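Heads up, the thing below is written out as structure tokens.
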Amino acid sequence: MAEAAVRAGCTFFAGYPITPQNEVPEYLSWRLPQAGGVFVQAESEVAAINMIFGSSAAGARSMTSSSSPGVSLKQEGISYIAGAELPCVIANVQRGGPGLGNIRASQGDYFQAVKGGGHGDYKLIVLGPAYVQELYDLTMRAFDWADYYRNPVMILSDGILGQIAEPLELTPYTPIVKLPPKDYILTGCAGRTPRVVKTLFLNPADGLVHHNDHLQEKYRRIEHELSLCEEYETADADIIIAAYGMSGRIAKGAVRKARRKGLKVGLIRPITLWPFPKEPFVRAARTASKMLVVEMSCGQFIEDVKLASECAVPVEFFGKGGGWYPMDTDILEIVESMQPCRSAPCATRKD
Amino acid sequence: MDNQATYITIAGSGGQGIVVVGNLIARACVIEGKNASGWVAYGAEMRGGTANATVIVSQEEIACPFVETPDMAIMLNQPSLERFEGNIVEGGMVLLNTSMIQRPVERDDLKQVFLAATEMAHELGNLKVANIVALGAFIDHTQVVKMDSIRQAIGDLFASKNPKMVELNLKALDVGAANYKCEKVKG
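Sequences listed follow chains A and B, in order. The first sequence stops at residue 1005 when you use the numbering used here, and every number in between is there. The second sequence stops at residue 188 when you use the numbering used here, and every number in between is there.
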């Protein structure tokens, strides 16, 4: 992720240490200056996100990373950056919560990331990588989408992906689209009209209403244009597992094992968590008789699965919070125990 | 577990080079064009705490990056044996560092490989290479990757740090490969 950021042209990083994401600032502390960028170990997470606010307003491709408690601290700044429509990349290598929690992997910050952990009506583009290569590729895309939509992008990783070692192809960076010029950045106004980057709208009285309308319009456009999802063995699947990130990847192993046993099981693994890829779930609700959500939390992502599938099929749940992670063999066992559909839609959760 | 993958657990205490062993096996896999993933579990502790790494070697994409029942295990100290002995898959193999482990495993279905890795490392003049001595024996016995790939991986990993360490580690690898004992499975 750190190398992808450098290659994508990130020139400013500010962060504060926290396990399990310390490898990112450690790497960038020497690599970013080598590439001509600036690395700052800030005095706190709050300071780091506000440095990102400033550097992004000044036109730099900017990034911060942290883990759950640190990302909670950043929420005010994230709301400001979203309100000011500034691009930046924020990585959350999730760990167990609530509170200081532990340093094991978790997916307990899903709501915070996709529903908005800070105040006001804003949205982050949220990405849920499951493999090191995907994390690398998506980090590059994150900078592009941030600039293209002038919106913060969050990479919602977890402590397993943050600590794992896997083969990786260090592909060169090429922007996905021709990016618009940054005609809003503050570079000194000699010879041109001054620009203002702001989040306070007092005059006229309905100025903030119009600003919100504008933001919502942008969010609808992003929803329309951006959706990434892996579908695996879903075409004839009777039971469809829905899971993202690390649990999605583990679930894929369970699907493979189930298929070897002749069970018709498939997987939908959303890669963009906001916008949520609804269409595969609408299709799945027509063809499958049951769904199983697997997540490393007490049940957050499941709400979006139920909304996307409009509760047309029963959705069972396998997940726990606090640093728990599923084994593919556990998931397989549950899939084997799932009987053909008899119960009413929006079935009860099974913990 | 499934036939397509080999699951290896490396366990010992923090500072014994558990992560390095896992890293070298994984690098050797990549050199051979195989898929590999390395996953380290450790607590919030420094040298002396328990540490274990899981390496998965596979021809196909690796889904679950950890396993409860490894096929093979390298155990560098007694607490690792106590903790993981029961987890190894039936008919699996275990390598024991007899310098720091007082007894064989209490199961009769496992292939056992013994070597006094820490003592051999002491004779080589650097206790830190006990992990590589053990790795030498492990690779020679299991052939999970080629010894040449491990040699290349050692070159890649240590060259940037200290060229002298490459030489020492290659020597440690050879010593381990030449000096272990196997116990055949009973019955």
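Virtual Cβ for every residue (Gly too), placed ideally from N, Cα, C. Note that the coordinates shown come from a computational prediction; the quantities given were computed from them, not determined experimentally.
In chain order, G18, A122 place their CB closer than 8 Å to the CB of K129(B), counting only its own chain and leaving out the 5 sequence neighbours on each side.
The segment 22 to 38 of chain B and the segment 133 to 149 of chain B touch, with three or more beta-carbon pairs separated by less than 8 Å. Membership of P806(A) in the beta strand (DSSP E) is indicated by the continuous run 806 to 812. Chain A places a beta carbon closer than 8 Å to that of P66(B), counting this residue as a contact. Contact holds between the segment 660 to 669 of chain A and the segment 695 to 707 of chain A, because three or more Cβ pairs, one in each stretch, are under 8 Å apart.
Using a Cβ-Cβ cut-off of 7 Å, A12(B) is close to nothing in chain A; its nearest Cβ partner there is about 17 Å away. G18(B) has a beta carbon lying at 8 Å or more from every beta carbon in chain A. Contacts with chain B (Cβ-Cβ distance below 7 Å) from the segment 804 to 826 of chain A involve I814, Q817, I818, A819, E820, P821, listed in chain order.
Taking each of K182(B), T10(B), E184(B), A178(B) in turn and checking the Cα distance to V90(B), the smallest one comes out for T10(B).
Sequence-distant partners of D775(A) (beyond 5 residues in either direction) whose C-beta falls short of 8 Å from its own C-beta, in its chain, are N866, L869, Q870. DSSP, read as helix, strand or coil, puts P968(A) in coil.
Judged by DSSP in its simplified three-state form, E987(A) adopts helix. In chain order, I818, A819, E820 make up the part of chain A whose C-beta sits under 8 Å from the C-beta of S38(B).
Judged by DSSP in its simplified three-state form, S59(B) adopts strand.
For F935(A), DSSP assigns no beta-bridge partner whatsoever.
Annotation: Cβ neighbours of N24(B) in chain A (cutoff 9 Å, chain order): A819.
Identification of residues in the segment 684 to 696 of chain A having a C-beta nearer than 7 Å to some C-beta of chain B yields an empty set. Here V22(B) is buried, its C-beta having at least 16 other C-beta atoms within 10 Å. Here P752(A) is exposed, its C-beta having fewer than 16 other C-beta atoms within 10 Å. The alpha-carbon separation between P980(A) and K906(A) amounts to approximately 12 Å. Proximity of D791(A) to chain B, defined by a Cβ-Cβ separation below 8 Å, is not satisfied. Non-local C-beta neighbours of D801(A) in its own chain, meaning closer than 7 Å and more than five positions away in sequence, comprise P741, L833, ordered along the chain.
L927(A) sits in a strand when the DSSP states are folded into three classes.
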